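**Q**
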Amino acid sequence: MSEMDRKDISERILAEIQHEEIQPFKGRIPPGLGRSMPGALLFKITCHCGVTAMLSVDVPSDAGEDKIGEMIPHLAEALDRQAEQFRRIPCDAHSRMSMG
Ligand SMILES: [Zn+2]
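In this text, residue positions in the sequence shown follow the numbering used here: the first is 2, and each later residue adds one.
#1: Cβ of HIS20 within 7 angstroms of any heavy atom in ligand 1?
#2: Does the distance from the C-beta atom of CYS50 to that of HIS20 stay below 8 angstroms?
#3: Tell me whether PHE44 sits in a helix, a strand or coil according to DSSP, three-state version.
#4: CA-CA distance, ASP59 and CYS48?
#5: Here's the rule: buried if 16 or more other CB atoms are within 10 angstroms of the residue's CB, otherwise exposed. What is LYS8?
In structure tokens, the structure reads:
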């Protein structure tokens, strides 16, 4: 899976997402994460309190175009669920889990 494909998949997932606050994650991947999740696509969500959380979904690197097409609605749902969990956490807890 090339970088171009990954960007394309990210955009297709974003098009299906309900939470408009979810953005592609473009920063540096925190140490260790990249290795443990080679197929991960990373997104982020920022709360109004300023804390950003990273969201991720796994796309198998050997998945073909058809398979990816099938997976996209499920990946979007998974991200929406992660966003929902993040929004349910009160802001005083957000500030304690800040990634800076
Ligand atoms: Zn917050």
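Here a beta-carbon is modelled for each residue, glycine too, at the ideal position from N, C-alpha and C.
As the structure is a prediction and not an experimental result, all values here were calculated from the model.
**A** The relevant details are as follows:
#1: No.
#2: Not in contact: CYS50 and HIS20 (Cβ atoms no closer than 8 angstroms).
#3: Reduced to three states, the DSSP call for PHE44 is strand.
#4: 23 angstroms
#5: exposed
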